[in-house]
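Worksheet: the structure to be examined is printed underneath.
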Amino acid sequence: MNWFSGLLVYIVIWWLVLFMVLPVGVKRVENVEPGHDSGAPEKPHMWKKILATSLISAILWVVALFVITSGMIEVRPPQ
220 MNWFSGLLVY
230 IVIWWLVLFM
240 VLPVGVKRVE
250 NVEPGHDSGA
260 PEKPHMWKKI
270 LATSLISAIL
280 WVVALFVITS
290 GMIEVRPPQ
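For the sequence shown, the positions run 220 to 298 when the working numbering is used.
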């Protein structure tokens, strides 16, 4: 796997993990002010979620890299 393919795999893993991490720890606002969405989280903690997403994605990327480079599965360009 070259560096570009590795980067693409990491980006795909990162986005998938982000969508899994987003709903964790979400609490709705009890007293909704006029003009605000009732489904919006009170404190989204986005920096914590982005950090957690990046760490989990890095671990999963290393596992994917090992699986691909060890020959367990072959990823070849079409001929």
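Don't be surprised by glycine CBs; every beta carbon is placed ideally from N, CA and C. Source: prediction; values computed, not measured.
Report the residue ranges of all beta strand (DSSP E) runs contained in full by the stretch 249 to 289; include only those spanning at least 3 residues, in chain order. none
Report yes if the C-beta distance between Ala228 and Lys268 is below 8 Å; otherwise report no. Note that residue 228 is Val in the sequence shown here, rather than Ala. No; because the gap between Cβ atoms is not below 8 Å, this pair is not in contact.
Residues that DSSP places opposite Arg247 in a beta bridge: Arg247 pairs with Pro260.
If contact is defined by three or more beta carbon pairs under 8 Å, each pair taking one atom from either stretch, is the stretch 254 to 274 in contact with the stretch 283 to 291? no
Beta-carbon within less than 8 Å of Lys246's beta-carbon, same chain only, minus the 5 sequence neighbours each way: which residues are those? Taken in chain order, the residues that qualify are Pro260, Glu261, Lys262.
Are there 16 or more other CB atoms within 10 angstroms of the CB of Ile232, so buried, or fewer, so exposed? buried
Comparing the C-beta of Leu270 with each C-beta of chain D, is any distance below 8 Å? In the structure shown, chain D cannot be found, because there is only a single protein chain.
Identity of the residue in Met220, Asp256, Leu274 nearest Val236 by Cα: Leu274
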